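Working notes, structure below.
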Amino acid sequence: YLIRFHEYARVNVPDAWKGDRNPVKYEPIEKLGINLSSLKWEPMPEPTTPPAPPVLSDADTSPLTMMEAKKGLALTFGVSPEAIEIIIRG
């Protein structure tokens, strides 16, 4: 499923998020003390399509060391290289 929004409003409700792992909370709007008619609604910016990654051929690809692979994956996923585990099955 794809959920798209056409407009949004910035809302500041102190302590609405108690630090749970996922900052999504379903509450009646009245319980949060938000008056929808008083919000400043703004149109969502149009989505931008990121450029497609280049397609590499075998001639463009050189072998990686395990540490090079872990460093690249760590950058991609925003973790430290020590958090990356690589399993090779042959």
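Residue 67 in this note's numbering is what sits at position 32 of the sequence shown, and the numbering runs on without skipping anything. For every residue, glycine included, the Cβ atom is placed at its ideal position computed from N, Cα and C. From a predicted model like this one, the values you see are computed outputs, not experimental measurements.
If you follow the alpha helix (DSSP H) that residue i is in, where does it begin and where does it stop?
i	result
K106	101–112
Following a CB-centred definition, is residue i positioned closer than 7 Å to any heavy atom of the ligand MN?
i	result
E120	Absence of the ligand MN is noted for the structure shown, with no ligands found whatsoever.
Find out if the Cβ-Cβ distance for the pair residue i, residue j is shorter than 8 Å.
i	j	result
A51	L74	no
E42	M79	yes
Based on the DSSP output, what are the partners of residue i in its beta bridges?
i	result
Y61	Partner(s): none; Y61 has no beta bridge.
Y43	E77
Could you tell me the distance, in whole angstroms, from the CA atom of residue i to the CA atom of residue j?
i	j	result
I121	L91	22 Å
P49	V59	15 Å
K106	P88	19 Å
W76	L108	39 Å
L37	I69	26 Å
E65	F40	21 Å
P63	L71	12 Å
> Taking three-plus beta-carbon pairs below 8 Å as touching, is the region 89–106 in contact with the region 49–63?
Replying inline: no
>> Quick check: the region 77–86 against the region 112–124, are at least 3 beta-carbon pairs closer than 8 Å?
In response: no
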